[in-house]
Amino acid sequence: MSKHLGPTAFTRFRSTAPFSLKLSVCEEKFRQQPDGSKDYFTRNKVLRQQLSAAGGAARVMMEGVRFETLPVEQWGRDFGRQRVMFVLPSDALGDCVGVVLFLRAFRSRFPDVRVTVANTGGATDIFGREAGITVLPLVISAKELARHFPIIDLGEVDGWDAVVTQPVDVEAVLLNRFQLDPVAVPVRPVGPSPRIGILPMASSPLRTLPPMVTAALADALKAKGQISVVLNAYQGCKIAYEKLLRANLPEGVQIIDGFATTHKLLDFMDGLDFVAACDSGPAHLTKLFGTAGTAIYTSAAGDVLQGRHRNLGLWQVPYGGDFCTAPCGLAKVRATADGEVGCMGSLKRPLAELPRLPNEALPGVVEKLMTTDFIPCAAELVRRKDEVAAFAVDRFDRAAAAS
Numbered sequence: 043m044s045k046h047l048g049p050t051a052f053t054r055f056r057s058t059a060p061f062s063l064k065l066s067v068c069e070e071k072f073r074q075q076p077d078g079s080k081d082y083f084t085r086n087k088v089l090r091q092q093l094s095a096a097g098g099a100a101r102v103m104m105e106g107v108r109f110e111t112l113p114v115e116q117w118g119r120d121f122g123r124q125r126v127m128f129v130l131p132s133d134a135l136g137d138c139v140g141v142v143l144f145l146r147a148f149r150s151r152f153p154d155v156r157v158t159v160a161n162t163g164g165a166t167d168i169f170g171r172e173a174g175i176t177v178l179p180l181v182i183s184a185k186e187l188a189r190h191f192p193i194i195d196l197g198e199v200d201g202w203d204a205v206v207t208q209p210v211d212v213e214a215v216l217l218n219r220f221q222l223d224p225v226a227v228p229v230r231p232v233g234p235s236p237r238i239g240i241l242p243m244a245s246s247p248l249r250t251l252p253p254m255v256t257a258a259l260a261d262a263l264k265a266k267g268q269i270s271v272v273l274n275a276y277q278g279c280k281i282a283y284e285k286l287l288r289a290n291l292p293e294g295v296q297i298i299d300g301f302a303t304t305h306k307l308l309d310f311m312d313g314l315d316f317v318a319a320c321d322s323g324p325a326h327l328t329k330l331f332g333t334a335g336t337a338i339y340t341s342a343a344g345d346v347l348q349g350r351h352r353n354l355g356l357w358q359v360p361y362g363g364d365f366c367t368a369p370c371g372l373a374k375v376r377a378t379a380d381g382e383v384g385c386m387g388s389l390k391r392p393l394a395e396l397p398r399l400p401n402e403a404l405p406g407v408v409e410k411l412m413t414t415d416f417i418p419c420a421a422e423l424v425r426r427k428d429e430v431a432a433f434a435v436d437r438f439d440r441a442a443a444a445s
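Its first residue numbered 43, the sequence shown is counted upward by one per residue in our numbering.
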């Protein structure tokens, strides 16, 4: 019988010198060091580049290595007391929140299973906060592979390979594949001195709230509690975004540049009573805590992304044009064959004429799309900013009344 190989590919390398590896966005306790294995495996792009330049200290042995894994049709089995390794194909926060929620159900059903999650990358702190889960952020050693059975490659999740054009409810797909019931996450009550977080910036301009919309939300919610607007200091367009935002922001609203680690972001989110967020990782993080709030969606379908969770009220922008109708499904900007960057609506082209993601970072283009040259559905959001703000206030009042 032939081996079943998972789709997620790794670089196999050997190290002749000690190494100490940690991503800057992760807690120190998740630093990885050699365990005496002959071979190690990684998918991290920066680490792979460093390996190529390491000289005699490390040597790449093979590219495109895929592990022998448990076939999808066997995921519904009884795992008893086994050591199970789940391999992540990516560390996108939203998708990883879905995996965490699935793992809560998995561990509830199989409490004696030892769970390891590999290739957690920038999402390491999310998994590391969960009881009974071991994380391997950057490298998997040959010894770790040998002591785990089975290995499950989550890259086989239906639709995970197409999330840039069509959102996927990762939690729901995994629960279905493993034949598990979800673990309930009660909605957290709003406290007497509410802390309100507004998180408007996504990793893509398609899903970022325009500064005018963020300011409208802050103005509408300012009488409800202490407001903090969290930006992303690690995006090049943050300065331009903040300049426009401050010009419209009411007094007394705190601006937070961002968080150096995912752990600090999680601590902040855990302390909030109400959240207003764009389609981004923080909106998904509220599922872990049951935080009440509002999520505003442009290009992606909010009902798919929220799945079974109803802690956030869903506001989907109602836009339709000659080349697209929201939600179109795009998560990131696309590029034409001759290098124009945008979406179907902004470029006035069908998706078939936007065959790829941009080949390089384009901070100037991204900054304009986030601050002035909005894609059509985001521009519609600006026109409806008062409607969006009123929706958020109504959600707050409902959550407070139910507390």
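Each residue gets a CB set at the ideal place from its N, CA and C atoms; glycine is no exception. Everything numeric in this text was worked out from a predicted model, so none of it was measured.
Per-residue DSSP class, three states only, for Trp202
helix
Can you say whether Met104 is buried or exposed, counting buried as having 16 or more other CB atoms within 10 angstroms of its CB?
exposed
Looking at the strands, I want to know which residues DSSP matches up with Gly335.
Val317, Leu354
ask   = Closer than 9 Å, CB to CB, is Ala289 near chain D or not?
value = Considering every chain present, this structure includes no chain D. It has just one protein chain.
(message) Considering only DSSP beta bridges, list what Ser57 is partnered with.
(response) Ala100
key: Start and end residues, beta strand (DSSP E) containing Ala160   = Where Ala160 is concerned, the enclosing beta strand (DSSP E) starts and stops at 156-160.
| request: Given a cut-off of 9 Å, decide if Leu143 and Ile194 are closer than it, judged by their beta-carbon atoms. | output: no
Quiz item: If you check the beta carbons only, do Glu395 and Thr378 fall under 9 Å apart?
Solution: yes
Roughly how far, in whole angstroms, is the beta-carbon of Arg73 from the beta-carbon of Arg101, given that I think they are within contact range, below 8 Å? Not really, about 22 Å apart at Cβ, beyond 8 Å.
Exercise. If you count every other CB in all the chains shown that lies within 10 Å of the CB of Ser235, and 16 or more means buried, which is it?
Worked result: exposed
Q) Would Val225 pass as a contact of Ala334 if the rule is Cβ separation under 9 Å? A) no
Once DSSP output is grouped into helix, strand and coil, what is the label at Glu105?
Three-state result, Glu105: strand.
inquiry  = For Arg230, which residues in the same chain have their Cβ closer than 8 Å to its Cβ, ignoring the five residues on either side in sequence?
reply    = Asp315, Phe331, Gly332, Thr333, Ala334, Asn353
Whole-angstrom distance between Arg156 and Glu110, CA atom to CA atom: 19 Å
When the Cα of Glu293 is compared with those of Thr166, Lys264, Gly98, which residue comes out closest? Lys264
Q: Could you check if Asp137 is buried or exposed, using at least 16 other CB atoms within 10 Å of its CB as the buried criterion?
A: Buried.
Report task. Pull up the distance between the alpha-carbon of Val271 and that of Thr328, whole angstroms please. Result -> 16 Å
- Message: In whole angstroms, give me the CA-to-CA distance for Met311 and Ala337.
- Response: Each residue's alpha carbon lies about 14 Å from the other.
Three-way DSSP call (helix, strand, coil) for Gly118 in this model: coil
Can you give the beta carbon distance from Leu196 to Leu130, rounded, assuming they're within the 8 Å contact cut?
6 Å
Tell me which residue opens and which closes the alpha helix (DSSP H) that Phe72 is part of.
Unbroken run through Phe72: none, as it is neither H nor E.
Hey, out of Leu423, Gln277, Leu222, Thr53, whose CA is closest to Pro253's CA? Comparing Cα-Cα distances from Pro253 to each of Leu423, Gln277, Leu222, Thr53, the minimum goes to Leu423.
Practice prompt. Please work out which residues of its chain come closer than 7 Å, Cβ to Cβ, to Val177, disregarding the five sequence neighbours upstream and downstream, and give them in chain order.
Written response: Phe72, Val159, Thr162, Thr166, Phe169, Gly170
**Q.** Cβ-Cβ distance between Gly164 and Cys68 below 9 Å
**A.** yes
query = By the 10 Å Cβ neighbour count, where 16 or more other Cβ atoms means buried, how is Phe191 classified, buried or exposed?
reply = Classification of Phe191: exposed, given that the 10 Å Cβ count is below 16.
- Query: Can you tell me where the alpha helix (DSSP H) with Met386 in it begins and where it stops?
  - Reply: 386-389
Residues in the same chain with beta-carbon distance under 7 Å from Lys420, minus the five sequence neighbours each way, listed in chain order, please. Per the sequence presented here, residue 420 reads as Ala, with Lys not at that position. Excluding sequence neighbours, Ala420 sits near Pro252, Thr340.
| message | Which same chain residues end up closer than 7 Å to Ser183 when comparing Cβ atoms and leaving out the 5 residues on each side of it in sequence? | response | Asp77, Ser79, Tyr82
If we count the other Cβ atoms within 10 Å of its Cβ and call it buried at 16 or more, is Ile417 buried or exposed? buried
- prompt: Which residue's Cα is closest to the Cα of Val255: Pro60, Asp200, Ala444, Lys427?
  reply: Lys427
Among Pro179, Gly381, Val359, Arg54, which residue has its Cα nearest to the Cα of Leu248?
-> Val359
Bridge partners - Gly362, DSSP secondary structure assignment: Thr367
- Item | Residues near Ala214 by beta carbon distance below 6 Å, same chain, minus five either side | Gly349
Close-in-space but distant-in-sequence residues of the same chain around Pro392 (CB under 7 Å, 5 per side omitted):
Within the same chain, and ignoring the five residues on either side of Pro392 in sequence, the residues whose Cβ sits closer than 7 Å to its Cβ are Phe365, Met386.
Would you report the Cα separation of Ile298 and Leu291, rounded to the nearest angstrom?
13 Å
* Asked: So, is Gln221 buried or exposed, given that buried needs 16 or more other C-beta atoms within 10 angstroms?
  -> exposed
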